[in-house]
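Letter 381 of the sequence shown, counting from 1, is numbered 1698 in my numbering, and no numbers are missing.
Working notes for the structure below.
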Amino acid sequence: MKIFISAFLFLFILNSFSQTAPVKTTFVIKKQAVTNYDSIKKDYSPSILIKEMPVQGPKKKEFYAYPEQKNKSFSSTNIALPSLVLGKNFFGNGFNFGTPNDNDMAISDSGIVVSVINKSIFIRNTKTNVTLPGKSLAAFTTPINNRHEEFDPKVMYDPRSDKFVLVCLVGYVDSTSKIIVGFSQTNSPNGNWNLYALPGNPLNNNLWSDYPMIGMTEKELFLSINLLTNNSSWQTGFVETLVWQMKKDSGYAGLPIHATLHSNIKFNGKAIRNLCPAKGGKKLHSPNMYFISNRNLANQNDTVFLVNVTDTIGSPSNTVTTKALISNQTYYMPPDGRQPIATESLATNDARNLGAFYENNIIQYVHNTTNTANNHSTIYYGVISNPQSAQPSVAGYIIPNDTMDFAYPNISYAGNSPTDNTAIISFDHSSDKVFPGCSAIRADGSGNFSDVLRIRNGVNYINLLNSGQERWGDYSGSQRKYNGNGVVWMSGYYACNGGSSYPKAHAAWVAELKLDSLSISDTAVSYATINNERNNLEQTMVYPNPSHQIFSVDISLANPEYLNFQLLDAQGKLVEVLLRDWVKGKENKFSFSTKDLELGIYFLKITGNFKTNLLKKIIIN
């Protein structure tokens, strides 16, 4: 695939001293209640239908003294990485009468997935394929929350403690705003959770908390939030971004949590907006936590902010430092995404950082941007080298997209050595011909990518709001399977039928992504296997058979499915992967030419992500 890379790398370290220094405020947060997921029986899932959480205003752009660089020239290494392999994947959280979706997920070492969207929690054991009854955020937080204005949920798995942390916000004004943090007592999210409430107006300045992002070190939990003014959109009401730092082991034990709130994080007197924590790559790191930001509302810019919260709570060296770096690649305010219906666009918000990780002395991060070659929304992929040094360097890459719109990416480490910087980037997709769904791509830290793996297409366009602009995010979930080898799980956006009243709604799609490419051993089939192989397309016929030019097969599917078409020889060894792609429901025809094959016996094997499994003997004469 074509890769866009800046021809020259240059770096400028700007003056990082703000006019005023960051401020630390200490808190002691006591546990307020225990909730047991399994014991939640009454769940009314209260919701104001199709209420945006929070309300979005018109797109706000900031203009800097920055030269126009439309259609900037790029060089290319043209190194195509191996394709990703789609593992287990399934429908996650269903439509909950609200928008945006706001996908996030976590998976434990034992294979338990916890997926959250606005208003709901979904739990599934990926080893047994058992899904627990879903619960609303309202029911989950009821012991300490009777307002039921929950939004912006986030969830994270702690591989060091083998437990989960779940965060959501409550309230849209300063008098009702709070941050609910739940710590699982064990490795079972179906059991007890300790619930804490952080103040949503912690500085008592008539502001409220919006848009949380969470990260962990070995000992501490970090939470960034945006403070907004009352009765304003998040675009125009922003005042500053705060960072909460707290002892997570206290949360698991139900003890009072000692927390530090870092405020007044600015550059040249202006608050740095939307601080994205850089999570651990292969494992959790300590003691510092890096945060990434940029000028997210800029029409175009190249400034990258690297914020470092150093050391643990109570340490004399617990400080906040800021560096302003210059990337070699410009980023842009993204355009809205397209749908097959021109009157309903998909909001892309801005260019804020949406996901990042730290591993092998580099930080890899992603956010929305514009592909100036076609003015479509796409993904900006950034790499910060030597972040702890006096002069870190930044390289940026724009993931190309010829016909599709990409947005709301997240990223996780998928490598396995100090020299392996492989990452998996998952994101939402849509176009004027393809319904909104989710995809993924492989990256190597040097600007090389695999082909895009289309995980799931939607089944319809989104139409929930009356404005003509639908919500497409505002984020997606991604996590490395810490005890897996090159395995990442994600939760993305999926356009679906939300019921008779809302046929053009959205839900979550959860998927396992692997680095391992298809090998011969994976596809070798014995005659015993052939004779006993399960076949849920048993009546499917391959024709004409025998043939000497072309084979065709009619496929009828109840639902769209990602199918893998393989040609095997008479011994069951792989000859060729003919096609991997999404196939629409109902009637389809697949054909392939045999003109370059030797005469003899072959097998056509078709497998899918819904256990579709077809094996047909074909003869070339």
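Using N, Cα and C, we set each Cβ at its ideal position, and we do this for glycine too.
Would you say the beta carbon of residue i is closer than 7 Å to some non-hydrogen atom of the ligand NAP?
i	result
Val-1804	You won't find the ligand NAP in this model; it holds no ligand whatsoever.
Whole angstroms are fine: how far does the CA of residue j sit from the CA of residue i?
i	j	result
Asn-1930	Lys-1922	7 Å
Val-1804	Leu-1914	36 Å
Arg-1590	Ile-1696	19 Å
Trp-1826	Ser-1505	22 Å
Ala-1514	Leu-1880	46 Å
Leu-1623	Phe-1468	28 Å
Leu-1671	Val-1621	13 Å
Ile-1872	Leu-1884	17 Å
Phe-1907	Asn-1406	24 Å
Leu-1403	Ala-1828	7 Å
Lys-1640	Gly-1597	20 Å
Val-1769	Leu-1486	34 Å
Asn-1611	Ile-1679	17 Å
Ala-1576	Ala-1712	35 Å
Thr-1924	Leu-1896	11 Å
Val-1892	Phe-1909	13 Å
Leu-1932	Ile-1701	48 Å
Ser-1793	Arg-1441	18 Å
Thr-1337	Ser-1632	21 Å
Glu-1537	Gly-1754	34 Å
Ser-1478	Pro-1450	25 Å
Asn-1938	Thr-1911	10 Å
Asn-1605	Leu-1592	15 Å
Leu-1601	Val-1431	19 Å
Thr-1720	Ile-1609	30 Å
Asn-1848	Asp-1761	Residue placement at Asn-1848 is flagged as unreliable, the pLDDT there being 35, under the threshold of 50; the coordinate-derived value follows with that caveat. So the alpha carbons of these two residues sit roughly 42 Å apart.
Ile-1837	Phe-1882	Interpretation of Ile-1837 is limited by its pLDDT of 27, a score under 50 that renders its predicted location unreliable; the figure taken from the coordinates is listed afterwards. Approximately 14 Å, taken between the alpha carbons.
Glu-1535	Asp-1566	10 Å
Leu-1356	Phe-1412	Contrary to the premise, residue 1356 reads as Ser rather than Leu in this sequence. Computed Cα separation, rounded: 23 Å.
Leu-1524	Ala-1456	26 Å
Val-1842	Val-1894	Note that Val-1842 scores 35 on pLDDT, short of 50, meaning its location in the model is unreliable and no value can be drawn from it.
Val-1870	Ser-1662	37 Å
Thr-1857	Val-1776	24 Å
Which residues does DSSP pair with residue i in a beta bridge?
i	result
Ser-1644	Answer is none; Ser-1644 lacks a bridge partner.
Asn-1881	Arg-1897 and Thr-1924
Glu-1535	Its beta-bridge partners do not exist; DSSP assigns none.
Thr-1695	Thr-1686
Arg-1773	Cys-1755
His-1575	Val-1345
Tyr-1811	Ala-1824
Gln-1562	Phe-1539 and Thr-1577
Gln-1796	Trp-1806
Gly-1713	Gly-1699
Arg-1788	Ala-1664
His-1746	Phe-1723 and Gly-1754
Gly-1554	Partner(s): none; Gly-1554 has no beta bridge.
Asp-1886	Tyr-1919
When you compare each of the options to residue i by their alpha carbons, which one comes out closest?
i	options	result
Asp-1833	Gly-1732, Ala-1350 and Ser-1494	Gly-1732
Val-1637	Leu-1578, Ser-1748 and Gln-1681	Leu-1578
Pro-1861	Ile-1935, Lys-1480 and Ile-1872	Ile-1935
Ser-1767	Asp-1745, His-1746 and Ala-1740	Ala-1740
Phe-1273	Asn-1783, Gly-1790, Gly-1762 and Ala-1707	Shown here, the chain extends from 1318 to 1938; a query on residue 1273 therefore has no answer.
Pro-1651	Lys-1901, Lys-1536, Asn-1618 and Ala-1659	Asn-1618
Ile-1918	Gly-1554, Ala-1887, Asp-1355 and Gly-1925	Ala-1887
Val-1472	Phe-1539, Val-1626 and Asp-1355	Phe-1539
Ser-1763	Phe-1414, Leu-1398, Gln-1349 and Pro-1375	Leu-1398
Gly-1571	Tyr-1607, Val-1498 and Ser-1603	Val-1498
Lys-1495	Pro-1519, Ser-1501 and Asn-1774	Pro-1519
Ile-1434	Ala-1423, Val-1751, Thr-1443 and Asp-1761	Ala-1423
Met-1530	Arg-1669, Phe-1412, Ile-1461 and Ser-1567	Arg-1669
Phe-1408	Val-1870, Gln-1866, Ala-1824 and Ser-1864	Ala-1824
Asp-1898	Asn-1814, Leu-1545 and Ser-1756	Ser-1756
Asn-1462	Thr-1493, Val-1447 and Ser-1437	Thr-1493
Asn-1765	Ser-1550, Pro-1717, Lys-1444 and Asn-1616	Pro-1717
Lys-1378	Thr-1443, Gln-1552 and Ser-1362	Gln-1552
Ser-1400	Ile-1779, Ile-1742, Asn-1635 and Lys-1821	Ile-1742
Asp-1426	Asn-1814, Asn-1800 and Pro-1863	Asn-1800
Gln-1993	Ser-1795, Ser-1644 and Phe-1744	Absent from the structure is residue 1993, since the part of the chain shown begins at 1318 and ends at 1938.
Any Cβ of chain C within less than 8 Å of the Cβ of residue i?
i	result
Ser-1795	Considering every chain present, this structure includes no chain C. It has just one protein chain.
_Minimum length 4: unbroken alpha helix (DSSP H) runs contained in the region 1459-1513_ = none
*How about the region 1336-1349 and the region 1559-1574: do they share at least three Cβ pairs that are nearer than 8 Å?*
yes
*Unbroken beta strand (DSSP E) runs of length 3 or more, entirely within the region 1893-1930: which are they?*
1903-1910 and 1917-1925
*Which ranges would you report for the beta strand (DSSP E) in the region 1600-1687 if only whole runs of at least 3 residues count?*
1606-1611, 1617-1627, 1636-1649, 1662-1664 and 1670-1676
*State whether the region 1642-1651 contacts the region 1676-1693, with contact taken as three or more CB pairs (one from each stretch) at a distance under 8 Å.*
yes
_Uninterrupted alpha helix (DSSP H) stretches inside the region 1408-1456 (no shorter than 4 residues)_ = none
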